[in-house]
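**Student:** Taking this note's numbering, the leading residue of the sequence shown gets 168, the next gets one more, and so forth.
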Amino acid sequence: MLEKQNSEENIELLRAMRYCYNKSKIFYAVRISISILIPILSISIYLFNRGSTGTSNTGVWFSVIGSIWLLIAYQIEKLEGGYIEKGAKIQEKFDINLFNIRWNNVLVGNQISPEDIRDFSSKFKGDEEKLKNWYGGLSSKHFYVNVILAQRSNLMWAISLKRNFSILLFTVSVLYLFLTIAFGFFVNMSMQEYIIKILLPSMSILIYGFKTSDELKKQSNKLEALGNSIISKFDTGNLSEINASACREYQDAIFVYNRIRSILIPEWLYWLRQQKDDEKMIQINIRLTKKSNLF
Numbered sequence: 168m169l170e171k172q173n174s175e176e177n178i179e180l181l182r183a184m185r186y187c188y189n190k191s192k193i194f195y196a197v198r199i200s201i202s203i204l205i206p207i208l209s210i211s212i213y214l215f216n217r218g219s220t221g222t223s224n225t226g227v228w229f230s231v232i233g234s235i236w237l238l239i240a241y242q243i244e245k246l247e248g249g250y251i252e253k254g255a256k257i258q259e260k261f262d263i264n265l266f267n268i269r270w271n272n273v274l275v276g277n278q279i280s281p282e283d284i285r286d287f288s289s290k291f292k293g294d295e296e297k298l299k300n301w302y303g304g305l306s307s308k309h310f311y312v313n314v315i316l317a318q319r320s321n322l323m324w325a326i327s328l329k330r331n332f333s334i335l336l337f338t339v340s341v342l343y344l345f346l347t348i349a350f351g352f353f354v355n356m357s358m359q360e361y362i363i364k365i366l367l368p369s370m371s372i373l374i375y376g377f378k379t380s381d382e383l384k385k386q387s388n389k390l391e392a393l394g395n396s397i398i399s400k401f402d403t404g405n406l407s408e409i410n411a412s413a414c415r416e417y418q419d420a421i422f423v424y425n426r427i428r429s430i431l432i433p434e435w436l437y438w439l440r441q442q443k444d445d446e447k448m449i450q451i452n453i454r455l456t457k458k459s460n461l462f
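Structural data, given as structure tokens:
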């Protein structure tokens with residue numbers, strides 16, 4: 168299995184997968200950047216006009232712009248989700264090639280065409296070396312033990328990223344809300360001015376922050392429960408339960424909770440933790456592999 172993951176066919180799948188996820192992150196970056204820019208501009212223009220004796224409807228216009236942007240951001244999020252779905256299906260194909268389990272057409276749907284995979288792969292501009300040896304530390308004499316440990320790696324790697332990003336989003340969102348309220352008091356804003364000039368233009372980014380933080384927390388808890396259920400099989404020695412059918416069930420959960428509903432994590436956070444989390448995952452896989460070889 169470990170040798171097969173570096174075959175030309177499977178590296179092409181990983182290249183295509185990475186391209187799709189990177190493309191979705193472009194839409195994500197545009198969506199978030201504009202959502203942040205709108206309230207910043209609204210506050211800046213308010214400060215600029217603060218000493219003016221005339222009246223200004225700028226705050227009202229920014230409230231309208233913020234409301235319209237919510238609708239536009241929703242459409243951009245759909246484009247973002249389309250590329251996430253393509254990436255998830257291509258990654259599913261990669262796993263299926265390695266794990267010797269069937270494709271779940273009912274859950275996953277149709278496979279991405281070979282022509283689209285080739286097209287996406289050719290557009291990938293990243294470092295191909297980082298795609299090699301996708302799964303590590305697997306040397307059990309039981310094939311499906313290696314499979315389920317690879318699946319657990321998918322689960323546990325995601326938990327670390329999701330929890331860290333959830334905490335970051337919640338902290339920043341709460342901090343932003345309190346700072347804008349404090350700013351309103353400091354400049355002696357009326358409640359109406361605060362709502363029109365700061366709160367309404369900020370709604371898209373605040374909704375994203377709190378909603379995404381909560382969803383990431385729920386997903387990480389679900390993934391942790393799945394990961395712990397795998398560990399329990401090793402603790403009890405019930406390796407006979409680890410077969411193609413069981414692995415397909417875990418693969419379904421990975422697709423649902425960690426891929427198709429995936430919330431994009433910033434690239435810098437992903438690479439910041441990659442080496443540390445990879446080393447930890449490989450060591451755990453080696454330990455569990457040795458344990459499985461005793462049976």
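Where a beta carbon is used, it is the ideal one built from N, C-alpha and C, also for glycine.
1. Can you look up Phe-462 in the DSSP assignment and give me helix, strand or coil?
2. Can the beta-carbon of Leu-322 be found closer than 8 Å to that of Ile-421?
3. Touch check for the stretch 193 to 212 and the stretch 310 to 317: three-plus C-beta pairs under 8 Å?
4. Taking its Cβ as the centre, do 16 or more other Cβ atoms sit within 10 Å of Asn-405, making it buried, or is it exposed?
5. To the nearest angstrom, report how far apart Thr-403 and Arg-426 are at their CA atoms.
6. Below 8 Å, can you find three or more Cβ-Cβ pairs linking the stretch 355 to 364 to the stretch 375 to 393?
7. Express the C-alpha separation of Tyr-311 and Asn-460 in angstroms, rounding to a whole number.
8. How many Å lie between Arg-454 and Phe-462 at the Cα?
9. Take Lys-253 and list the residues in its own chain whose beta-carbon comes closer than 7 Å to its own, dropping the five residues that flank it on each side.
10. Suppose contacts are defined by Cβ-Cβ distances below 8 Å. Is Thr-210 in contact with Ile-326 by that definition?
11. Is the distance from the Cβ of Thr-338 to the Cβ of Ser-369 below 8 Å?
12. Among the candidates Met-168, Asp-294, Leu-208, whose CA atom is the shortest distance from the CA of Trp-518?
13. Can the beta-carbon of Ser-429 be found closer than 8 Å to that of Ser-380?
14. Could you check where the alpha helix (DSSP H) with Lys-384 kicks off and where it finishes?
**Tutor:** Based on what the coordinates show:
1. coil
2. yes
3. no
4. exposed
5. 29 Å
6. no
7. 12 Å
8. 14 Å
9. Cys-187, Ile-279
10. Reading the sequence as shown, one finds Ile at residue 210 and not Thr. Their beta carbons are not under 8 Å apart, which means Ile-210 does not touch Ile-326 by this criterion.
11. no
12. This structure cannot speak to residue 518, because the chain is shown only from 168 to 462.
13. no
14. 367 to 403
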